[in-house]
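Trainee: Each residue of the sequence shown is one higher than the one before, counting from 79 in the working numbering.
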Amino acid sequence: MKSKKIAALFTVLCAILLVVAFKFVRDTGILRGYPKAEYLTDEEAACRPVYEQLKNNEKAIYTALCRGISEHRESIPLPYEVNGDEYSKIYCILEKQEGDFFFLDSVYYTAPKVRDARVAYRDLSNIDAEKNELRSKVREIAEGAVYSDDYYLAKYINDYIVNNCRYITGEDVEYASTAYGCLIEGEANCEGYAKAFDLLASEMGLQSVLITGVTDTGENHAWNQVKVGTDWYNIDVTWADTDVIGETRQMYFLCDDTTFEKTHIADEELFEPFQCGKADNNYYVKNDLYADSAGKAAEIILRELKNGNDVIELRFTDEAAYNEFKNEYIRTEEVFEIAVDSGYPFGEQINLSLKENTQEHCMTLNFNAQ
Numbered sequence: 079m080k081s082k083k084i085a086a087l088f089t090v091l092c093a094i095l096l097v098v099a100f101k102f103v104r105d106t107g108i109l110r111g112y113p114k115a116e117y118l119t120d121e122e123a124a125c126r127p128v129y130e131q132l133k134n135n136e137k138a139i140y141t142a143l144c145r146g147i148s149e150h151r152e153s154i155p156l157p158y159e160v161n162g163d164e165y166s167k168i169y170c171i172l173e174k175q176e177g178d179f180f181f182l183d184s185v186y187y188t189a190p191k192v193r194d195a196r197v198a199y200r201d202l203s204n205i206d207a208e209k210n211e212l213r214s215k216v217r218e219i220a221e222g223a224v225y226s227d228d229y230y231l232a233k234y235i236n237d238y239i240v241n242n243c244r245y246i247t248g249e250d251v252e253y254a255s256t257a258y259g260c261l262i263e264g265e266a267n268c269e270g271y272a273k274a275f276d277l278l279a280s281e282m283g284l285q286s287v288l289i290t291g292v293t294d295t296g297e298n299h300a301w302n303q304v305k306v307g308t309d310w311y312n313i314d315v316t317w318a319d320t321d322v323i324g325e326t327r328q329m330y331f332l333c334d335d336t337t338f339e340k341t342h343i344a345d346e347e348l349f350e351p352f353q354c355g356k357a358d359n360n361y362y363v364k365n366d367l368y369a370d371s372a373g374k375a376a377e378i379i380l381r382e383l384k385n386g387n388d389v390i391e392l393r394f395t396d397e398a399a400y401n402e403f404k405n406e407y408i409r410t411e412e413v414f415e416i417a418v419d420s421g422y423p424f425g426e427q428i429n430l431s432l433k434e435n436t437q438e439h440c441m442t443l444n445f446n447a448q
């Protein structure tokens with residue numbers, strides 16, 4: 079009798095273990111096959127420069143996430159099992175580079191080993207309408223571009239965002255850190271500005287990436303790199319916004335690394351930023367507003383006033399040239415003699431407002447300012 083009870087108990091225990099094992103196998107997917115690895119199309123990859131830096135298995139995971147998130151799936155089977163650090167790297171790259179995924183939550187799930195990605199979303203109750211609204215806005219902005227050369231498009235996107243978005247602080251106030259917040263709601267933080275630039279650049283055929291890092295004062299920040307012609311340049315749309323309607327700060331438009339890295343330190347943990355070694359398309363260089371001496375600055379001011387431009391933004395090659403101009407033309411008020419010689423129709427009185435950024439060796443002269 080006792081042996082029968084033991085056998086019965088053993089049978090029950092085996093049944094329980096089988097149920098537990100079945101649930102474990104089902105939940106973990108140990109015996110489930112991996113989905114076939116897929117990759118972005120050549121057209122899709124062409125506007126995703128960071129994707130091209132990934133290894134093949136990372137590209138397959140990126141693609142699986144891209145496809146699944148586009149369909150708002152909360153659980154996405156991956157083609158490979160990866161450790162948590164590798165998954166976090168791929169997910170974070172995607173979250174920053176895919177500007178149209180504004181509906182992702184600000185948090186994400188990971189684990190020591192990841193085979194099925196768990197994805198958190200914002201409120202999806204009106205997602206189709208919001209996605210259509212953003213897509214329509216992006217197309218509308220792109221259709222407003224008059225020319226198609228890379229420099230013009232980069233400037234067009236930069237100026238559109240500056241003139242149509244208001245900077246707000248906060249890591250994740252509603253859609254502040256998204257392209258939707260920037261382009262639809264009209265207010266965003268630096269990440270929202272950068273994602274909007276990326277999204278518009280992609281729509282207009284420019285290669286662009288979003289860079290995260292810190293400023294020279296240690297604050298978290300986001301900006302972009304964009305390819306103009308055959309060369310990469312740094313651009314910070316957030317810092318181009320002066321909060322004054324119709325006014326755009328040019329000193330962070332298409333900069334080389336030497337100039338830009340004085341105030342921007344990129345985070346290289348997720349991927350390696352592109353080298354920006356040339357300054358040919360920098361705003362000041364391209365528009366001949368770059369002065370290596372006080373005399374050169376005086377020539378620029380005379381030329382611009384003769385051309386009818388009474389707001390002149392200059393950049394100097396170094397501190398010595400900057401101070402030389404201030405001493406010879408501003409402190410002595412010689413700059414007013416240049417204004418008179420230009421023939422610009424000032425009227426009875428010439429007014430001048432001066433804005434300085436000594437760290438960047440930039441100076442804006444606004445004649446006739448009230």
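Just so it is clear, CB atoms sit at the ideal spot from N, CA and C, and this is done for glycine as well.
From a predicted model like this one, the values you see are computed outputs, not experimental measurements.
Which class does residue 456 belong to by DSSP, given the choice of helix, strand or coil?
Mentor: This structure cannot speak to residue 456, because the chain is shown only from 79 to 448.
Trainee: If we count Cβ pairs, one from each stretch, closer than 8 Å, do we get three or more for the stretch 355-374 versus the stretch 270-285?
Mentor: no
Trainee: Taking only the alpha-carbon atoms, compute the straight-line gap between residue 379 and residue 257 and give it to the nearest angstrom.
Mentor: Numbered from its first residue, the sequence shown carries residue 379 at position 301. Numbered from its first residue, the sequence shown carries residue 257 at position 179. Roughly 38 Å separates the two Cα atoms.
Trainee: In or out: residue 225 buried (at least 16 other Cβ within 10 Å) or exposed?
Mentor: By one-based count along the sequence shown, residue 225 stands at place 147. With fewer than 16 other Cβ atoms within 10 Å, it is exposed.
Trainee: Regarding residue 389 and the ligand GDP, is the C-beta to nearest heavy atom distance less than 6 Å?
Mentor: Although the ligand GDP was asked about, the structure shown includes no ligands whatsoever.
Trainee: Under 7 Å, do residue 141 and residue 166 count as touching if we go by C-beta distance?
Mentor: Taking the first residue of the sequence shown as 1, we reach residue 141 at position 63. Taking the first residue of the sequence shown as 1, we reach residue 166 at position 88. Contact: no.
Trainee: Can you name the residues that DSSP bridges to residue 343?
Mentor: Here residue 343 corresponds to residue number 265 of the sequence shown, with the count starting at 1. Looking at the DSSP assignment, residue 343 forms a beta bridge with 292.
Trainee: Go to residue 268, then tell me how far its beta strand (DSSP E) extends in each direction, as first and last residue.
Mentor: Within the sequence shown, numbered from 1, the residue matching residue 268 stands at position 190. Residue 268 -> not in any beta strand (DSSP E); alpha helix (DSSP H) instead, spanning 268-281.
Trainee: Between residue 354 and the rest of its own chain, which residues show a CB-CB distance below 6 Å, the 5 nearest in sequence each way excluded?
Mentor: In the sequence shown, residue 354 corresponds to position 276, counting from 1. Within the same chain, residue 354 has close Cβ partners 310, 311, 312, 334, 335.
Trainee: In whole angstroms, what is the alpha-carbon distance linking residue 210 and residue 390?
Mentor: Start at 1 with the first residue of the sequence shown, and residue 210 comes out as number 132. Start at 1 with the first residue of the sequence shown, and residue 390 comes out as number 312. Cα to Cα, residue 210 sits roughly 41 Å from residue 390.
Trainee: Are at least three pairs of beta-carbons, each pair with one atom in the stretch 192-202 and one in the stretch 211-231, less than 8 Å apart?
Mentor: Contact fails: fewer than three Cβ-Cβ distances are below 8 Å.
Trainee: Does the stretch 391-410 touch the stretch 437-444, meaning 3 or more C-beta pairs lie closer than 8 Å?
Mentor: yes
Trainee: State the Cα-Cα distance for the pair residue 292 and residue 153, rounded to the nearest angstrom.
Mentor: Locating residue 292 in the sequence shown gives position 214, where the first residue counts as 1. Locating residue 153 in the sequence shown gives position 75, where the first residue counts as 1. Cα-Cα distance, rounded: 33 Å.
Trainee: Whether or not the stretch 380-389 and the stretch 421-432 are in contact is what I'm after, with contact meaning three or more pairs of Cβ atoms, one per stretch, closer than 8 Å; do they touch?
Mentor: Look at the beta carbons and you see the stretch 421-432 touching the stretch 380-389: at least three pairs across the two are nearer than 8 Å.
Trainee: So, residue 294 versus residue 337, is the Cβ gap smaller than 7 Å?
Mentor: As a position in the sequence shown, residue 294 is number 216, starting the count at 1. As a position in the sequence shown, residue 337 is number 259, starting the count at 1. Not closer than 7 Å, so no.
Trainee: Alpha carbon to alpha carbon, how far is residue 321 from residue 124? Give it in angstroms, no decimals.
Mentor: Position 46 of the sequence shown, counted from the first residue, corresponds to residue 124. Position 243 of the sequence shown, counted from the first residue, corresponds to residue 321. Our two residues, residue 124 and residue 321, have alpha carbons roughly 34 Å apart in a direct line.
Trainee: What is the DSSP secondary structure of residue 224, reduced to helix, strand or coil?
Mentor: On the sequence shown, position 146 is the one that residue 224 refers to. Residue 224: coil per DSSP, three-state reduction.
Trainee: For residue 376, report the span of its alpha helix (DSSP H) as first-last.
Mentor: Residue 376 sits at position 298 when you count from the first residue of the sequence shown. From DSSP, the alpha helix (DSSP H) with residue 376 extends over 372-384.
Trainee: CA-CA distance, residue 254 and residue 445?
Mentor: To locate residue 254, count along the sequence shown from 1; it is residue 176. To locate residue 445, count along the sequence shown from 1; it is residue 367. Distance between the alpha carbons of residue 254 and residue 445 is about 36 Å.
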